[in-house]
Amino acid sequence: MAHIRTRRPTGSRRSRAAGVLAPRKEPSQDRARHTVEAILQAAAAVLAQGGYDKASTNRIAEAAGVSIGSLYQYFPSKEAVVKALVERHEQRMLGVMRAHLSDVASQDIPTIVRALIDGLLDAHRVDPRLQKVLLEHSGGHTSSSIDDAVESLVRTAMETKKAELDVADLDAAAFILVTSVRTVCHRAAVERPDLLARSTFVDELNALVVRYVLRTTPSPKRPSRRR
Numbered sequence: 001m002a003h004i005r006t007r008r009p010t011g012s013r014r015s016r017a018a019g020v021l022a023p024r025k026e027p028s029q030d031r032a033r034h035t036v037e038a039i040l041q042a043a044a045a046v047l048a049q050g051g052y053d054k055a056s057t058n059r060i061a062e063a064a065g066v067s068i069g070s071l072y073q074y075f076p077s078k079e080a081v082v083k084a085l086v087e088r089h090e091q092r093m094l095g096v097m098r099a100h101l102s103d104v105a106s107q108d109i110p111t112i113v114r115a116l117i118d119g120l121l122d123a124h125r126v127d128p129r130l131q132k133v134l135l136e137h138s139g140g141h142t143s144s145s146i147d148d149a150v151e152s153l154v155r156t157a158m159e160t161k162k163a164e165l166d167v168a169d170l171d172a173a174a175f176i177l178v179t180s181v182r183t184v185c186h187r188a189a190v191e192r193p194d195l196l197a198r199s200t201f202v203d204e205l206n207a208l209v210v211r212y213v214l215r216t217t218p219s220p221k222r223p224s225r226r227r
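Just so we're aligned, residue 1 is where the sequence shown starts under our numbering, counting upward by one.
Written out as structure tokens, the structure is:
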């Protein structure tokens, strides 16, 4: 789950930046949609093979089997192609997460936590070579819309088990939990991809999260609020 970081432009620079990233037109016919899909698939392959810096609109068009003019009909720049690719990739990852968390609300806490971790790990297995490039390019950041959606799924699951949790603020807990697991998964995907295939890695991450949210030992006294 990665996004492209850009400087926030002002005035005319904002409009120029929007023009660089925004698609020129939406495909309305099957042939046009096929062309756009071919461009995005080619972009994914080019990025995975050579990285972001070596990718270019010419290389992407060649790999897609379309003319550079056809590419520019839909995307004004390499950045626009990558932005569309990132959005599609994130939606695929979110679909994986939803599949894991959609019907776990009635399960116990360890099962819910395991579903979250398995979901994030499986999401990172969606085209892992592309995922690695996107994470490296974005500095490991994710888009706020994806984070919000995953946190909402987790908070909903936690809400049903609130009485069992050692958590004072569900919103904060969902943010901490998702951010922590996502960061570990992101770093593993970029720096130690071998870890993602180890069951012991999943077990350790699962134990970490369960100990955070579940009251298994006496909790330290929370500071009382002054009135």
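C-beta: ideal position from N, C-alpha, C; glycine also.
Please read all numbers here as calculations on a predicted model, not as lab measurements.
Point to revise | Length of the line joining the Cα atoms of Val202 and Val126 | key: 17 angstroms
**Study point:** Minimum length 4: unbroken alpha helix (DSSP H) runs contained in the segment 175–213
**Key:** 199–213
Review point. DSSP beta-bridge partners for Leu165?
Key: Leu214
Point to revise | Start and end residues, alpha helix (DSSP H) containing Thr160 | key: Here Thr160 belongs to no alpha helix (DSSP H), and DSSP marks it neither H nor E.
**Study point:** Three-state secondary structure (DSSP) of Asp171
**Key:** Asp171 falls in the helix class under three-state DSSP.
Check your understanding: Of all the CB atoms in chain B, is at least one closer than 9 angstroms to the CB of Val213?
Key -> The structure shown contains no chain B, having only a single protein chain.
Point to revise | Per-residue burial, Thr35 [other beta carbons within 10 Å of its own, 16 or more giving buried] | key: With at least 16 other beta carbons inside 10 angstroms of its own, Thr35 counts as buried.
Check your understanding: Taking all protein chains shown into account, do 16 or more other C-beta atoms lie within 10 angstroms of the C-beta of Val209, making it buried, or fewer, making it exposed?
Key -> Val209 counts as buried, since at least 16 other C-beta atoms from the protein chains shown sit within 10 angstroms of its C-beta.
Practice item. Taking 9 angstroms as the cut-off, decide whether the C-beta atoms of Ala189 and Leu101 are in contact. Key: no
Check your understanding: What does a CB cutoff of less than 7 angstroms around Val96 pick up in its chain, not counting 5 residues either side in sequence?
Key -> Hits under 7 angstroms: Gly119, Asp122, Ala123, Val126.
Practice item. Starting from the C-beta of Met1, find all residues in its chain whose C-beta is less than 6 angstroms away, skip the five residues before and the five after it, and write them out in chain order. Key: Residue placement at Met1 is poorly supported in this model, since its pLDDT is 49, which falls under 50; the coordinates are not used for a value here.
Check your understanding: Taking C-alpha atoms, which residue in Leu214, Asp103, Ile39, Ala207 lies nearest to Glu164?
Key -> Leu214
Check your understanding: Which of helix, strand or coil does DSSP assign to Arg33?
Key -> helix
**Study point:** Cβ separation of Val167 and Leu116, assumed to be a contact under 8 angstroms, to the nearest whole Å
**Key:** Not really, about 14 angstroms apart at Cβ, beyond 8 angstroms.
Point to revise | Straight-line Cα distance separating Ala42 from Ser247 | key: No answer is possible for residue 247: it lies beyond the span of the chain, which begins at 1 and ends at 227.
Review point. Helix, strand or coil: which one does DSSP assign to Gly51?
Key: coil
Review point. When the Cα of Ser106 is compared with those of Tyr52, Glu191, Met158, which residue comes out closest?
Key: Met158
Check your understanding: Hey, out of Arg192, His186, Val150, whose CA is closest to Phe175's CA?
Key -> Val150
Review point. Using the rule of at least 16 other Cβ atoms within 10 Å of the residue's Cβ for burial, across every protein chain shown, is Thr6 buried or exposed?
Key: Bear in mind that a pLDDT of 38 at Thr6, under 50, signals an unreliable position, so the number given afterwards is only what the model happens to contain. Burial call: exposed.
Review point. Run through DSSP, which three-state label would Gly95 get?
Key: In this structure, Gly95 counts as helix in the three-state DSSP scheme.
Practice item. Answer yes or no: do Leu47 and Val82 have a C-beta to C-beta separation smaller than 9 angstroms? Key: yes
Check your understanding: Which one of Glu79, Asp169, Arg182 has the shortest CA to CA distance from Asp231?
Key -> As shown, the chain starts at 1 and ends at 227. That puts residue 231 outside it, with no answer to give.
Check your understanding: Grouping DSSP H, G and I as helix and E and B as strand, with all else coil, what is Asp122?
Key -> helix
Review point. Considering only C-alpha positions, which residue in the set Glu37, Ser180, Ser77, Cys185 is nearest to Ala64?
Key: Measuring from the Cα of Ala64, the nearest candidate turns out to be Glu37.
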